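To start, the structure itself, in structure tokens.
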Amino acid sequence: ARQPHASDQFKSAPNAPAMSGYDRAITVFSPDGHLFQVEYALEAVRKGTTTVGVRGKDCVILAVEKRATPKLQDPRTIRKILTVDNDIALAFAGLNADARVLVDKTRIECQSYRLNVEDNPTVDYVARFIARTQQKYTHRGGVRPFGISTLLGGFNTDGVPELYQTDPAGTYYAWKATAIGKNSKSVVDFLEKKYVEDLAEDAALRLALKGLLEVTEASGKNIEVVIIRKSGLHWMKEDELDPLLKELDDTADKITKLKETK
Numbered sequence: 023a024r025q026p027h028a029s030d031q032f033k034s035a036p037n038a039p040a041m042s043g044y045d046r047a048i049t050v051f052s053p054d055g056h057l058f059q060v061e062y063a064l065e066a067v068r069k070g071t072t073t074v075g076v077r078g079k080d081c082v083i084l085a086v087e088k089r090a091t092p093k094l095q096d097p098r099t100i101r102k103i104l105t106v107d108n109d110i111a112l113a114f115a116g117l118n119a120d121a122r123v124l125v126d127k128t129r130i131e132c133q134s135y136r137l138n139v140e141d142n143p144t145v146d147y148v149a150r151f152i153a154r155t156q157q158k159y160t161h162r163g164g165v166r167p168f169g170i171s172t173l174l175g176g177f178n179t180d181g182v183p184e185l186y187q188t189d190p191a192g193t194y195y196a197w198k199a200t201a202i203g204k205n206s207k208s209v210v211d212f213l214e215k216k217y218v219e220d221l222a223e224d225a226a227l228r229l230a231l232k233g234l235l236e237v238t239e240a241s242g243k244n245i246e247v248v249i250i251r252k253s254g255l256h257w258m259k260e261d262e263l264d265p266l267l268k269e270l271d272d273t274a275d276k277i278t279k280l281k282e283t284k
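For reference, each letter of the sequence shown is one residue, going 23 to 284 in this note's numbering.
Right under this line is the structure:
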């Protein structure tokens with residue numbers, strides 16, 4: 023009797039070897055038009071920490087959920103909001119190492135722009151650069167996409183605040199308010215209901231924090247916030263955040279309502 027051969031398993035499914043490689047090759051489309059590695063990078067973003075951005079009348083608020091740091095670790099080494107330029111900040115969801123590399127490239131580009139143009143780069147210029155860089159890593163062999171999405175806050179040439187989002191596919195969008203990362207859909211749904219035009223700084227801050235509290239525990243240790251103003255960036259300290267979070271936290275009310283409905 024003939025001995026079975028390893029190749030026999032493919033005879034019943036002639037397309038198996040051809041189909042199996044589409045999720046490994048970054049430069050190859052699947053027959054139904056997908057780039058699987060880019061979609062896997064977007065999945066890494068969906069598993070990242072929740073990040074919220076809100077554009078106000080004269081400011082942009084970026085708020086990020088912080089994971090608990092080990093007792094002996096220096097918390098200053100774990101940052102989810104990074105300074106890109108004097109008045110531009112970036113918050114991200116996804117892989118920390120990828121964010122560090124992408125932010126370093128962006129900082130160099132901002133310095134190069136300032137050297138050549140003798141002016142500060144605008145937030146839309148920086149968003150386009152980040153999106154262009156991320157897109158380059160979707161069509162070259164030997165690389166993989168950046169596993170992060172970013173929220174960028176800053177000002178345009180007219181001094182109007184702007185909020186941009188970029189993703190691993192290399193697309194970028196301007197938003198009034200949005201969220202990325204884990205449970206971002208719940209936060210976006212909340213923002214869609216509560217957002218109004220021309221929010222003052224305090225109202226924009228409260229909206230961003232309230233959106234984050236939909237999915238995060240109310241504690242200054244768990245949340246990192248930066249307010250982007252024309253005069254520069256203001257990083258909120260824990261003792262500034264705690265009273266505000268206690269005021270906004272309605273978890274107890276929600277639990278009471280649930281008990282009443284039961």
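All C-beta atoms, glycine included, are put in the ideal place defined by N, C-alpha and C. Remember, predicted model here, so these are calculated numbers, not experimental data.
- One Cα belongs to residue 179, the other to residue 149, and the distance between them is close to 14 Å.
- By the neighbour-count criterion, in which 16 or more other beta carbons inside 10 Å mark a residue as buried, residue 245 falls on the buried side.
- Around the beta carbon of residue 137, a 10 Å sphere encloses fewer than 16 other beta carbons of the protein chains shown; the residue is thus reported as exposed.
- Per DSSP, the unbroken beta strand (DSSP E) holding residue 201 starts and ends at 199–202.
- One alpha carbon belongs to residue 181, the other to residue 253, and they sit about 11 Å apart.
- Considering only 199, 81, 116, the residue with the shortest C-alpha distance to residue 89 is 116.
- CA-CA distance, residue 64 to residue 204, rounds to 11 Å.
- In this structure, DSSP gives residue 136 a helical state, which the three-state scheme calls helix.
- Under DSSP, residue 186 takes part in a beta bridge, and its partners are 174, 196.
- Residue range 58–68 is occupied by the alpha helix (DSSP H) that includes residue 68.
- The residues 228, 231, 232, 235, 240, in chain order, have a CB closer than 8 Å to that of residue 270 in the same chain once the five nearest residues on each side in sequence are set aside.
- In chain order, 76, 213, 217 place their CB closer than 6 Å to the CB of residue 199, counting only its own chain and leaving out the 5 sequence neighbours on each side.
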